[in-house]
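J.:
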Amino acid sequence: MLVELLAAAAVICVISGAALVAFSEGPDERRVVRDEAENLRSWLMSRMEEAARENCGFKLIPIFIGMQASELKLEWRGGARDLESEFYSAERADLERVSLAKEYTFDGEWFTLTPAASFIIRSRRDPSIRLIVTASGTGYADVKETLED
């Protein structure tokens with residue numbers, strides 16, 4: 235009787251532990267992806283705003299291995315930072331491209347991005363968890379669940 239009771243308690247502990255791990259990873263991964271997507275959106279918006287203030291532009295060049303980006307390279311054109319480069323990389327999630335464009339050009343005078351850009355931020359642990367960061371042709375960056383939003 236005591237052995238059966240201990241075996242039942244052990245089974246309940248194992249099931250409870252597995253459920254705790256399964257449910258605790260989801261929201262954490264969603265938060266990681268949300269944070270990384272928001273970081274990219276914020277980085278893009280701040281660079282577009284800086285280019286508008288300086289009345290200059292930049293080229294945004296995704297550096298990819300297959301469909302997965304290792305980082306984004308930003309090359310300033312004109313203004314105080316002419317010909318300077320800076321890089322953005324997602325630290326805790328994967329960055330993927332949606333389009334096949336090799337580079338994007340932002341014009342600070344007209345506040346336009348050509349062509350519009352979309353990047354997927356995907357969880358490294360659970361690839362089904364993802365968000366899309368879009369930068370419209372009118373120079374606005376946003377985080378979306380799908381491209382239809």
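Per the numbering used here, residue 235 is the first one in the sequence shown, and the count goes up by one each step. We put the beta carbon where it would ideally sit given N, CA and C, even for glycine.
Start and end of the beta strand (DSSP E) containing Asp341?
T.: Tyr338 to Asp341
J.: Please check the pair Val288 and Gly371, which I expect to be a contact at CB under 8 Å, by giving their CB distance rounded to whole angstroms.
T.: According to the sequence provided, residue 288 is Glu. The question's Val does not apply to it. Not really, about 20 Å apart at Cβ, beyond 8 Å.
J.: Quick one: what's Val380 bridged to in DSSP?
T.: Correcting the residue type first, residue 380 is Thr in the shown sequence and not Val. Answer is none; Thr380 lacks a bridge partner.
J.: Let me check understanding here. Comparing Cα to Cα, which of Ile366, Ser357 and Ile297 lies closest to Glu337?
T.: Checked all of Ile366, Ser357 and Ile297; the closest Cα to Glu337 is Ile297.
J.: If you compare alpha carbons, which of Glu325, Glu379 and Ala369 is closest to Glu270?
T.: Glu325
J.: Taking the C-alpha atoms as reference points, what is the distance between Glu382 and Ala369?
T.: 14 Å
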